[in-house]
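Asks: I have a structure I would like to understand better, so I am pasting it below and will then ask my questions one at a time.
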Amino acid sequence: MRDYLTSLLVAMFVALPAGAVPSFEGIWSADRVASDIWPADPRFTPRGREALDNHDPTTDDPALYCAVYMPRVMVAWGRKPIEIFQADDRLWTLHERMHQVRRIYLDGRPPPEDEGPTWMGHSTGVWEGETLVVETLNLRESIYNWSGLPLSGQHRIVERFTRLDEETLEVLLTIIDPVNYEEPWTTRNIWRLTPDVHFYEYECQ
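According to numbering that gives the first Met the number 0, the sequence shown is numbered sequentially starting from 0.
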């Protein structure tokens with residue numbers, strides 16, 4: 000009986016009705032082995048190289064001060080799960096880390112005029128077939144992750160969410176930052192559906 004139900008769920012996912020979009024809902028955990036979170040060979044501008052050389056991981060990492068920021072929360076490496084909820088006009092990602100909530104708007108709304116750069120930025124998405132393409136703007140100057148790869152106040156992020164199968168979510172994450180890099184670079188993040196994973200209370204000190 001269980002095998003039958005599993006086959007039915009897979010068939011429902013594969014055979015989407017015309018005009019329908021896939022669901023990304025569920026609790027997802029990073030697959031470190033399948034993910035490729037490091038850019039192969041980022042081509043730094045002189046300013047980008049200088050910023051990386053001057054990075055001090057003991058003082059310059061925003062996470063040391065309990066900041067939760069893009070793109071770090073979507074890099075599939077840490078053990079903290081994410082949970083996705085989905086509606087017609089937006090998609091939410093809930094993060095165990097600092098109980099952060101990310102909103103991806105699907106109705107094309109622009110960033111609020113009175114809001115400056117933030118750690119999470121302003122994310123909007125459009126569907127290209129069964130792939131959700133998300134652009135994030137209005138981001139603060141920060142770093143990609145603990146490595147210190149610099150991100151200027153002019154950087155933007157483009158993600159491509161694709162559900163490869165019932166249990167696998169691929170997120171291709173592209174950094175576009177002409178201040179620090181001569182060309183965009185992309186990483187591949189793989190998340191596995193883990194419905195039984197528990198979200199724990201998170202305290203940052």
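Ideal placement from N, C-alpha and C gives every residue a C-beta, glycine not left out. In this text, all values refer to a predicted model and were calculated from it rather than measured experimentally.
Expressed to the nearest angstrom, what Euclidean distance is found between the alpha-carbon atoms of Leu192 and Glu24?
Replies: Their Cα atoms are separated by approximately 9 Å.
Asks: With DSSP as the reference, label Thr5 as helix, strand or coil.
Replies: Summary for Thr5: the model assigns pLDDT 45, below 50, so the residue's position carries little reliability, and this model does not support an answer.
Asks: Who are the Cβ neighbours of Arg42 in its own chain at under 7 Å, not counting the five residues just before and after it?
Replies: Excluding positions up to five away in sequence, the list reads Tyr180, Glu181 and Glu182.
Asks: To the nearest angstrom, how far is it from the Cα of Ile175 to the Cα of Glu134?
Replies: Between Ile175 and Glu134, the C-alpha separation is close to 10 Å.
Asks: Check each candidate in Pro70, His98 and Tyr68 and name the one with the smallest Cα separation from Pro80.
Replies: It is His98.
Asks: Exposed or buried, Ile26, counting other C-beta atoms within 10 Å across all chains shown (16 or more means buried)?
Replies: Ile26 comes out buried.
Asks: Quick one: what's Ala19 bridged to in DSSP?
Replies: Partner(s): none; Ala19 has no beta bridge.
Asks: Can you give, in chain order, each stretch of the alpha helix (DSSP H) that sits fully within the region 35-108 and has at least 4 residues?
Replies: With a minimum length of 4 residues, the continuous alpha helix (DSSP H) runs that stay inside the region 35-108 are 45-52.
Asks: Taking all protein chains shown into account, decide if Gly120 is buried (16 or more other Cβ within 10 angstroms of its Cβ) or exposed.
Replies: Flag for Gly120 reads buried.
Asks: Could you check whether the Cβ of Gly115 sits closer than 8 Å to any Cβ belonging to chain C?
Replies: No chain C is present in this structure, which holds just one protein chain.
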